[in-house]
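A.B. asks:
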Amino acid sequence: MGYSMEQNWRHLPPPARPIAAAATDAVEAAQLRDSDALADAVARMAGLDPAHTGLILGVTVRLLLEDTQPDGIDAEGVRTVLERSVRGASEWQTEVDPHVILLLLAGALGVADEDDDTPPPKLDELARHAALLLADLLGPRPVPPFLTAALAEIERAQLND
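Numbering (this note's numbering), first residue to last: 35 to 195.
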């Protein structure tokens, strides 16, 4: 895809580089509706540390929600994002699961239900749906600036802990 790890993510800590590269490739593939490239990038993302990947993608989703909803997001706003992203993705990805998108939104907003006994989705399913959600939230905008902002926010939070 457009961003290679060596050229664009060297400034990141080594553990974040493959996540940023795979996430960028996955989101770009989703923006282009390239199923093969998306599957490839999702497979790479699913093979990475799930805690780090989830944190980076979750913060990126939250930053995009804040960017697109500067006055805050309420239940209706979440519903609108959910419906729009599922509708758009289902035009070219037949197995879009609205529940997985909702889990990603809830996790990004810090309102995930920890007591839910339902088994979590598989890592590749989470990665694919995260790319589809991010592509929807981004529209035509590139993902690297938002990933960079998410990583900077994570770094600041870790320094303050």
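Backbone N, C-alpha and C define an ideal beta-carbon position, used for all residues, glycine too.
Report yes if the C-beta distance between VAL177 and VAL61 is below 8 Å; otherwise report no.
C.D. replies: Yes, these two residues count as a Cβ contact at 8 Å.
A.B. asks: Return the chain-ordered ranges of every alpha helix (DSSP H) run that is complete within the segment 157-183 and spans a minimum of 4 residues.
C.D. replies: As far as the segment 157-183 is concerned, its whole alpha helix (DSSP H) runs of at least 4 residues are 157-172.
A.B. asks: In the structure shown, what three-state DSSP assignment does LEU32 receive?
C.D. replies: The shown model of the chain, from 35 to 195, leaves out residue 32, and the question about it has no answer.
A.B. asks: How would you write the range of the alpha helix (DSSP H) that VAL115 sits in, first residue to last?
C.D. replies: From DSSP, the alpha helix (DSSP H) with VAL115 extends over 109-124.
A.B. asks: Do you know offhand how far ASP131's Cα is from LEU185's?
C.D. replies: Going by the C-alpha atoms only, they are around 27 Å apart.
A.B. asks: What is the DSSP secondary structure of THR87, reduced to helix, strand or coil?
C.D. replies: Of the three classes helix, strand and coil, the one that applies to THR87 here is helix, per DSSP.
A.B. asks: Secondary structure at HIS45, three-state DSSP: helix, strand or coil?
C.D. replies: HIS45: coil per DSSP, three-state reduction.
A.B. asks: In this structure, how does DSSP classify GLN103 when only helix, strand and coil are distinguished?
C.D. replies: If DSSP states are grouped into helix, strand and coil, GLN103 belongs with coil.
A.B. asks: Is THR128 helix, strand or coil when you go by DSSP?
C.D. replies: DSSP places THR128 in coil when its eight states are reduced to three.
A.B. asks: Give me, in chain order, the residues of the same chain whose beta-carbon lies closer than 8 Å to that of MET35; leave out the 5 immediate sequence neighbours on both sides.
C.D. replies: Below a pLDDT of 50, predicted positions are generally treated as unreliable, and MET35, at 48, falls in that range; no measurement from the model is reported.
A.B. asks: Using 8 Å for Cβ pairs, my map puts LEU98 next to LEU171. What's the rounded Cβ distance?
C.D. replies: Yes, they are in contact, since the Cβ atoms of LEU98 and LEU171 sit about 4 Å apart, within 8 Å.
A.B. asks: Do you know whose CA, among ASP108, ASP68 and ASP83, lies nearest PRO48's CA?
C.D. replies: Ranking the options by Cα distance to PRO48, first place goes to ASP83.
A.B. asks: Identify which residue in THR87, PRO155, VAL115 and HIS86 has its Cα closest to the Cα of GLU100.
C.D. replies: Here the closest residue by C-alpha is VAL115.
A.B. asks: Should the segment 151-160 be regarded as contacting the segment 76-96, the criterion being three or more beta carbon pairs within less than 8 Å?
C.D. replies: Judged by Cβ distances under 8 Å, the segment 151-160 makes contact with the segment 76-96, as three or more pairs qualify.
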